Amino acid sequence: MRLKQTSYHGLALFLGLLAGYAAAADTPAELIQAQVDWLAELRKGGLTAIALIALLMAGITFAVERLLALRRKYLAPWGFAEEVEPLWHNQDYDGILALCEKTPCTLARMVAYLTHHRDADPGLLIPGAQDIASREIRTHSQKAFSLAVVAALAPLLGLLGTMIGMIESFKLVEIYGDDGGASMLAGSISKALITTAVGLIIAIPSLAIYHALKYRLNLLAETLEEELEYLVNSWLLRPRKVEPEPASESE
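For the sequence shown, the working numbering puts the final residue at 254, and the numbers step up evenly by one.
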């Protein structure tokens, strides 16, 4: 008896699924897949959408500028240390300074500092060159922070637009009541949520690019430190000469 009931239930479920599939097949495609005109929805966002578009343009500008600026040729170009090293050993200091002027980068400014103050105590000279690198790395980091500001502001602006839209939506329901209030509410909520979506679309790549730039800046800072260490060891830290021990008086 239980087996028959189970069979009847299974048959009913199967027929229900077939009926649902047939109904879906007869339904027009326009009712199944709602097409969203994102540009039209964005226009409905009002002043908040305009602010988000301006923020997007600023974020793109910051990202492109930082991606172009954070290249190795602007901090520690390939082969610069190897090119300047023989000039130092040949005491061609004018040649070093000319090469530094021809190659505007952080490492060149550090080398020019070492060349200008080559007679100073190495204990004072090395920290001065490190300070030049630290200041320039800090400047690059501060400029990249603009992307973090964009990533933080975009979702907040989007949420503000959503809150304003929700207030307008419930105001419509309050005015019109049940006479078309539900459809107006749905349209207004859809309009309100578009600003949050746009804010997240701006914030997510901005945050990702910001962290990628931070990682690249750290790599370039390590490269700069290695190049400086190589030059300092080659130029200033000469191996100590071992003097022969004096002969004993007994000999």
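Idealized CB from N, CA, C, for every residue including glycine. Because the structure is a prediction, the values reported are computed rather than measured.
Neighbourhood of residue i by C-beta, 6 angstroms cutoff - its chain only, sequence neighbours within 5 removed
i    : result
I140 : A224
S149 : F65
P31  : Only weak support exists for where P31 lies, its pLDDT of 48 falling under 50; the value from the coordinates is given anyway. Correct list: empty, nothing qualifies.
K76  : none
Burial state of residue i, where buried means 16 or more other Cβ atoms lie within 10 Å
i    : result
V67  : exposed
R74  : exposed
E33  : Residue confidence is low: E33 scores 46 on pLDDT, short of 50, so the model does not pin down where it sits. Its coordinate-derived value is still stated next. It counts as exposed.
I212 : buried
R281 : Missing from the structure shown is residue 281; the chain here goes from 4 to 254 and no further.
G202 : buried
I135 : buried
Q36  : Because Q36 sits at a pLDDT of 48, beneath the cut-off of 50, its placement in the model cannot be relied upon, and the point is left open.
I197 : buried
P130 : exposed
Straight-line Cα distance separating residue j from residue i
i    : j    : result
L227 : L90  : 20 angstroms
V87  : I99  : 6 angstroms
L128 : H143 : 24 angstroms
A111 : I205 : 37 angstroms
N93  : K105 : 19 angstroms
H119 : Y96  : 9 angstroms
I63  : Q145 : 17 angstroms
F173 : I207 : 30 angstroms
L70  : A215 : 10 angstroms
A101 : L50  : 54 angstroms
I56  : V152 : 15 angstroms
E229 : P158 : 40 angstroms
R121 : G82  : 22 angstroms
Nearest-angstrom Cβ-Cβ length linking residue i and residue j, presumed shorter than 8 angstroms
i    : j    : result
S209 : A154 : 4 angstroms
G161 : K194 : The pair is not a contact, with the Cβ atoms about 13 angstroms apart (cut-off 8 angstroms).
G164 : A52  : 7 angstroms
L78  : C108 : 6 angstroms
P125 : L222 : Not really, about 27 angstroms apart at Cβ, beyond 8 angstroms.
K217 : A123 : K217 to A123, Cβ: 34 angstroms. No contact.
Own chain, CB closer than 7 angstroms to residue i, minus 5 neighbours either side, in chain order
i    : result
L156 : L58
Y233 : A84
A132 : M113, Y116, L117, L231
K7   : Note that K7 has pLDDT 44, beneath the 50 cutoff, so the model's placement of it is unreliable and the number below is only indicative. Here the set comprises nothing.
V235 : I129
M166 : none
Chain-order list of residues whose beta-carbon lies under 8 angstroms from that of residue i (same chain, five-residue window excluded)
i    : result
A54  : L160
R219 : L73
A200 : G161
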